[in-house]
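Here the structure is laid out as structure tokens; the discussion comes afterwards.
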Amino acid sequence: MADYEAVDDVIETVAAVAPDVRAGLPGRRLTEAGVENPSGETVTAADVHADELFFEALGAIDGVVEFASEEREAAVDVADGTAGEDGLAVAIDPLDGSSNLASNNAMGTIVGVADAPLPAAGTDLVAAAYVLYGPITTMTVAREGTVTTYVIDGGEMTAVEEDVELPDEPVVYGFGGRVPDWPDAFHDYAREVESELKLRYGGAMVGDVNQVLSYGGIFAYPALDSAPNGKLRLQFEGAPIAKIIEAAGGASSDGERSLLSVEPTDLHQRVPVHVGTAEYVERLEAALAD
Ligand code: AHM
Ligand code: MG
């Protein structure tokens with residue numbers, strides 16, 4: 183059996199490491215690492231630094247047997263045994279939205295904790311969390327069906343909101359990709375949404391999703407004509423964020439089904455991501471089905 187006490191250790195360790203990630207940003211502001219990640223994207227020195235810090239700290243936790251990162255080709259066995267049987271698997275996007283470092287805008291860290299080998303299905307996540315490096319550092323955690331937001335200060339977590347739920351009256355939306363690259367059905371849906379909600383798009387999923395969690399509405403990085411699976415990755419971005427949004431009373435979809443029900447086939451597989459207020463996600467699915 184997986185050691186579920188290790189879930190707390192994972193969450194506390196992410197909180198402990200986050201200030202070090204943040205402290206490392208100024209010196210790495212405009213530095214590329216000179217390599218591409220497994221998704222073919224330019225890696226910044228800050229991505230590499232965050233990946234190394236999280237790998238060292240999370241890989242050392244008793245009860246964690248497998249570690250995977252958006253910045254690493256393959257999952258790493260960090261202890262003997264099989265995830266789900268002998269311990270937990272951790273999948274992390276160490277620095278989501280790192281291209282925002284050049285313009286000094288929000289970034290985040292996204293973590294999924296699974297009791298199954300990676301790539302794991304969203305239904306195998308026993309916890310998920312994101313850290314938002316905004317004016318202050320916060321961490322939002324979904325565990326046992328509820329969502330809690332913490333302020334992180336000096337590596338310590340202080341709960342500032344328990345039982346977080348999406349507000350009833352949605353206010354904001356943010357959609358990624360270029361408009362001419364959107365499939366027609368999404369384009370029509372977006373026209374409706376933009377007449378009802380206010381645009382909030384900052385180019386970092388964690389920041390944009392946190393707006394949706396705070397104000398209600400919908401975030402999407404949809405399928406594109408040039409990229410039918412969109413940009414974001416199921417394992418490192420779509421599934422953990424879906425776990426948090428669904429636990430907060432919202433919904434998620436790849437266009438047809440909950441992101442938690444998408445079959446994992448590849449560690450770095452991409453997936454269209456739509457998350458937020460259930461009514462908006464349902465309307466999206468209906469629009470794409472027409
Ligand atoms: P990253 O993990 O390489 O930073 O990429 C993911 C980010 C998301 O945070 C964000 O939603 C998206 O890429 C933004 O993409 P774009 O710059 O195309 O709007
Ligand atoms: Mg990312």
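Residue numbers for the sequence shown follow our numbering, so the first one is 183 and each next one is one higher.
Note that CB positions come from ideal geometry on N, CA and C, so glycine has one too.
Keep in mind it's a predicted model, so treat the numbers as computed, not measured.
Suppose the cutoff is 8 Å on Cβ atoms and the five residues either side in sequence are ignored; what does the same chain contact list for glutamate 376 look like? Once the five neighbours on either side are set aside, the close Cβ partners of glutamate 376 are Tyr355.
Give the straight-line distance between the Cα atoms of isoleucine 292 and aspartate 370, rounded to the nearest whole angstrom. So the two alpha carbons sit approximately 31 Å from each other.
Is aspartate 363 helix, strand or coil by DSSP? helix
If we define contact as Cβ-Cβ less than 8 Å, is proline 362 a contact residue for chain D? Given the protein chain composition of this structure (a single chain), no chain D is represented.
CB-CB under 8 Å to valine 444, same chain, minus the five flanking residues each way: which ones, in chain order? Ala303, Gly304, Leu416, Gly420, Ala421, Asp436, Val453
From methionine 183 to valine 189, what does the alpha carbon distance come to, in whole angstroms? The predicted position of methionine 183 is uncertain, since its pLDDT is 48 and thus under 50; no value can be drawn from it.
Coil, strand or helix - threonine 459 by DSSP: coil
Taking the alpha-carbon of aspartate 259 as reference, which of Phe237, Ser280, Asp275 has the nearest alpha-carbon? Distance from the Cα of aspartate 259 is smallest, within the candidate group Phe237, Ser280, Asp275, for Phe237.
Less than 7 Å between the CB of phenylalanine 236 and some heavy atom of ligand 2, yes or no? With a cut-off of 7 Å, the C-beta of phenylalanine 236 is classified as distant from ligand 2, since no heavy atom of the ligand falls inside that distance.
Rounding to the nearest angstrom, what Cα-Cα distance links proline 352 and aspartate 268 in this structure? Cα to Cα, proline 352 sits roughly 42 Å from aspartate 268.
Using alpha carbons as the reference points, say which of Asp233, Arg439, Thr331 lies closest to leucine 314. Thr331
Give me the Cα-Cα distance between proline 410 and proline 220, rounded to the nearest whole angstrom. 18 Å
At which residues does the alpha helix (DSSP H) containing glycine 241 begin and terminate? Here the alpha helix (DSSP H) through glycine 241 covers 227-241.
Option in Val203, Leu441, Asp472, Asp191 with minimal Cα separation from aspartate 335: Val203
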